[in-house]
Amino acid sequence: MHRYITRRLLALPFVIVVVSILVFSMTRLGGTTIGPYLEPGMTDEEIAALEERFNLDEPVPMQYLAWLGGVIRGELGWSAVAASPVVDVFRSRIPASFELGVAASLWAVTLGIGLGTFSARRRNRLSDQLTSVFAVGGASMPTFWLGIVLLIIFWSYLGWFPHGRSDFRVWASIPHPTNFYVIDSILAGSWAGLKDAVWHLVLPALTLGYGAVGIVTRMMRSSLLEEMGKDYVDAARARGLPERLVVRRHARRNAFIPTVTVIGLSIGIMFEGTVVVETIFGWPGLGSWMADSVLSGDQATTLAFVIFTSILFLCINLLVDVTYGYLDRRVVLRKT
Amino acid sequence: MWFQTVRTETAPRVLRDTPIRVKARRLWATTREVFSRGSTAFGATLIAAMLTMAIFAPLIVDENPRGAYQMPRDLTAVAVPPGTEGHPLGTTRLGGDVLYGIVWGARLSLQLSLYVVAGAVLMGLIVGCTAGIVGGKVDAFLMRTVDVFLSIPTLVFPLAIAAILGPSFVNIVVALAAIMWARYARIIRSQILQVREEDYVDAARTIGDSKFGIIRKDILPNSLTPVAVQATLDMGHAVLLGATLAFIGLAVAGQAEWGTLVSEGQADIIAGRWWTSAFPGLMVFLWALSFNLVGDGLRDVLDPRTEGR
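Line by line, the protein sequences are chains L and E.
Be aware that the first sequence starts at 130, since it is given in our numbering, and climbs by one per residue.
Be aware that the second sequence starts at 9, since it is given in our numbering, and climbs by one per residue.
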């Protein structure tokens with residue numbers, strides 16, 4: 130087990146380097162990336178100085194090495210969109226995205242597991258079929274559209290929920306040591322701040338999480354059904370255990386194992402989804418910044434974001450595999 | 009092919025039947041099984057309706073003389089609500105007929121999904137076959153590459169490619185196919201490894217079929233099932249992802265494309281004009297939903313591993 134994890138950890142940097150080479154060469158495919166740095170009225174010398182500053186006068190492999198060197202030193206380049214170093218923007222924008230992601234995951238996982246269990250226990254009844262429709266809907270729902278529909282109904286017509294991340298006045302009334310709005314308002318003991326934070330989170334979190342609800346529900350249902358057909362479940366029933374406990378204590382524990390995989394997967398997908406959801410809800414996180422950068426040809430940001438997401442995906446996958454090993458003692462990870 | 013029929017049918021029947029008849033009957037039985045499920049039948053009906061709409065688009069709404077996929081501009085009816093004379097689903101801020109966008113957008117979506125899936129399958133076929141047949145170091149190298157592609161996020165990566173290539177329909181197709189091929193490569197390779205151990209492939213080898221002949225006649229047709237299931241699901245994913253890219257702004261502005269229309273309709277929400285974004289988005293949802301339903305149905309019937317789920 131430990132050897133397996135070590136091996137995977139050792140392979141991780143290689144995969145990341147391959148991904149970065151791939152993405153880096155892609156960003157250079159369209160020619161020079163100086164575009165977003167230019168300003169009207171620049172002289173040739175100024176442009177040449179810019180090119181030198183961003184290493185754009187060198188051949189692409191050298192540019193890559195320069196970039197890689199920067200990454201090792203903790204620099205990711207200069208974001209033209211945010212007009213500041215990519216690393217700084219990352220640091221200031223991660224909390225907003227993270228908060229949104231956690232809120233979305235929380236409701237997605239809780240509801241997904243709950244609905245999956247509910248649906249498996251009422252197999253082929255109407256309630257099961259309705260749940261299935263809801264779940265497949267999640268997998269087919271365009272995030273951008275769901276967000277807009279929710280905005281039309283709950284913001285534009287009913288006015289129940291707001292747009293954006295915070296009410297400016299409430300946001301300004303409390304200090305922000307962590308930049309996590311919810312945590313900050315709890316630290317400041319501000320009831321108004323907490324209310325404002327949660328109120329703003331509802332719609333974007335619902336939008337971002339719906340896809341994952343579908344995935345988790347379907348997986349939970351199918352793996353629970355598979356477990357319910359096994360002998361140990363019959364044995365538990367034969368011992369006279371009430372059905373509720375058979376499901377909760379026996380079958381559901383084992384059904385969690387495959388579900389963990391899709392939970393990991395859907396957290397990765399949710400992170401990508403922030404690009405769309407943050408754009409729609411005016412959420413000041415990584416995703417909306419990425420969307421802006423992509424449109425204005427800010428390659429330093431695009432590169433950093435794609436690689437960051439890939440690393441996140443890879444780490445989640447690794448984590449899932451390890452969790453798998455601990456949850457399921459039958460899994461013997463190959464020792465080669 | 010002949011050996012397969014011997015494997016699955018009882019002998020006397022085979023003697024009576026031509027292989028084509030047997031195949032047709034099996035196909036019919038499978039089709040009936042697939043569509044006996046309500047959700048699959050529903051999905052198939054939806055697909056049929058949308059395909060009809062895509063194919064007969066010129067009969068439903070007259071083609072825009074400035075270009076079929078350009079939104080027409082009716083400046084006499086700007087931002088009118090649904091139900092207006094001549095504009096049953098209303099118009100956009102620029103006088104674009106929403107119905108036109110939906111009908112011709114169906115055509116564009118059909119093209120998009122067909123090109124993306126065809127490109128991905130072709131690429132996957134080449135890589136998967138090479139890996140499965142050549143084996144050894146080539147196989148190891150190609151499969152690690154596939155692993156890398158499967159570990160890259162499916163929205164952000166095409167987003168980056170499309171952004172670099174510039175906003176256009178073709179670039180969205182390229183960007184999506186560039187990420188979707190990896191799964192096919194893996195499916196086809198694993199099928200080849202599995203199928204080539206089967207007796208009927210041995211038999212073909214024994215009677216002296218060439219390597220290429222065996223691949224074409226025995227291995228590929230038997231790898232078809234999982235590829236077909238994945239392709240059906242991807243027909244939906246392609247449009248979903250393509251519309252998302254278009255929504256973010258990577259399609260040509262002013263086109264009759266569902267994602268673009270939703271994006272352009274976004275600004276109308278504050279003004280209370282819900283129809284410009286609601287209808288085209290609903291189409292993306294229905295498109296993805298129907299292919300997901302049919303894909304799931306196909307998988308349940310064709311893939312014995314998920315039986316009873």
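Beta carbons: idealized from backbone N, C-alpha and C, even for Gly.
Source: prediction; values computed, not measured.
Beta carbon proximity, serine 439 of chain L to chain E, threshold 7 Å
yes
Start and end of the alpha helix (DSSP H) containing glycine 312 of chain L?
It should be noted that the sequence gives isoleucine, not glycine, for residue 312 of chain L. From DSSP, the alpha helix (DSSP H) with isoleucine 312 of chain L extends over 310-316.
Item to complete: Name, please, each residue of chain E whose Cβ falls closer than 8 Å to the Cβ of threonine 408 of chain L.
Response: Ile256
Whole-Å CB distance - arginine 250 of chain L paired with valine 376 of chain L, under 8 Å assumed | 6 Å
inquiry  = Let's see if you can read the secondary structure: which residues bound the alpha helix (DSSP H) around aspartate 70 of chain E?
reply    = From DSSP, aspartate 70 of chain E is part of no alpha helix (DSSP H); its letter is neither H nor E.
Open item on the list: As a quick exercise: from E/Leu297, E/Ala296, E/Gly280 and E/Trp295, pick the residue whose alpha carbon is nearest that of proline 89 of chain E.
Closed with: E/Gly280
Phenylalanine 220 of chain E lies in the alpha helix (DSSP H); which residues open and close that run?
219-222
Q.
Would tyrosine 145 of chain L pass as an interface residue toward chain E - the criterion being a Cβ-Cβ separation below 7 Å?
A. Here residue 145 of chain L is isoleucine; the residue named in the question, tyrosine, does not match the sequence. Chain E, which has no Cβ nearer than 7 Å to the Cβ of isoleucine 145 of chain L, makes this no.
Contact between the stretch 192-206 of chain E and the stretch 217-232 of chain E is defined here as three or more beta-carbon pairs at a separation below 8 Å; is this criterion met? yes
| Apart from the five residues just before and just after tyrosine 123 of chain E, which ones in its own chain have a Cβ nearer than 7 Å to its Cβ? | Val181
Q) Should arginine 252 of chain L be listed as close to the ligand ZN, given that the test is whether its C-beta is under 6 Å from any heavy atom? A) The model on display carries no ligand, and the ligand ZN is accordingly not part of it.
Check: What are the boundary residues of the alpha helix (DSSP H) that asparagine 253 of chain L is part of?
Finding: Unbroken run through asparagine 253 of chain L: none, as it is neither H nor E.
(Q) As an exercise, report each continuous alpha helix (DSSP H) stretch of at least 4 residues that is fully enclosed by the stretch 408-451 of chain L, in chain order. (A) 415-424
Task: Amino acids of chain E, ordered along the chain, whose beta-carbon sits closer than 7 Å to that of methionine 155 of chain L - done: Ala168, Ile169 and Ile172
Per DSSP, cross-strand counterpart(s) of aspartate 105 of chain E: E/Thr99
### Query
Within 7 Å (strictly less), CB to CB, does leucine 244 of chain L reach chain E?
no
Can you give me the C-alpha to C-alpha distance between aspartate 173 of chain L and valine 148 of chain L, rounded to a whole angstrom? 34 Å
key: Under 8 Å by beta carbon: chain C residues contacting isoleucine 195 of chain E   = Within the model displayed, chain C is absent; protein chains L and E are what it includes.
- Task: Could you confirm whether any beta carbon from chain E is found closer than 7 Å to the beta carbon of leucine 332 of chain L?
- Result: no
(Q) Could you tell me the alpha carbon to alpha carbon distance between arginine 136 of chain L and leucine 447 of chain L, rounded to whole angstroms? (A) 11 Å
Pair within 7 Å by beta-carbon distance, alanine 237 of chain L and valine 342 of chain L: yes
Practice prompt. Using 10 angstroms around the beta-carbon of aspartate 276 of chain E, count the other beta-carbons present and answer buried if the total reaches 16, otherwise exposed.
Written response: buried
* Collapsed DSSP secondary structure at threonine 307 of chain L in the structure displayed -> coil
Worksheet entry | Pairwise C-alpha distance: glutamate 175 of chain L and aspartate 325 of chain L | 47 Å
Original post:
Going by the beta-carbon positions, is the gap between valine 302 of chain E and threonine 38 of chain E smaller than 7 Å?
Top reply: no
Which partner residues does glutamine 7 of chain E have in the DSSP bridge list?
-> In the structure as shown, chain E starts at 9 and stops at 317, and residue 7 of chain E therefore has no counterpart that could be examined.
- Message: Taking the alpha carbon of arginine 157 of chain L as the reference point, which residue from L/Thr431, L/Thr452 and L/Val451 has its own alpha carbon closest?
- Response: L/Thr431
| task | Measure the alpha-carbon distance for valine 164 of chain E versus phenylalanine 434 of chain L and round it to whole angstroms. | result | 8 Å
- prompt: Going along the chain, which residues of the stretch 261-274 of chain L sit with their C-beta nearer than 9 Å to a C-beta in chain E?
  reply: Ser261, Val262, Val265, Gly266, Ala268, Ser269, Met270, Pro271, Thr272, Phe273 and Trp274
Handout entry: Contacts of phenylalanine 177 of chain E in chain L (Cβ-Cβ under 8 Å)
Key = In chain order: nothing, as chain L lies at least about 17 Å away.
Next on the checklist: Given this structure, state the Cα-to-Cα distance separating aspartate 427 of chain L from alanine 261 of chain E, to the nearest angstrom.
Outcome noted: 20 Å
| task | Identify whether proline 142 of chain L lies in helix, strand or coil by the three-state DSSP scheme. | result | helix
TODO: With 9 Å as the C-beta to C-beta threshold (strictly closer), list the residues of the stretch 290-309 of chain L near chain E in chain order.
DONE: none
Based on Cα-Cα distance, which residue from L/Val210, L/Pro188, L/Thr246 and L/Tyr133 lies nearest to arginine 382 of chain L?
L/Thr246
C-beta neighbour in chain L for valine 270 of chain E, strict 7 Å
yes
I'd like to know if the stretch 226-236 of chain L and the stretch 387-400 of chain L are in contact, where contact means that at least 3 CB-CB pairs between them fall below 8 Å. yes
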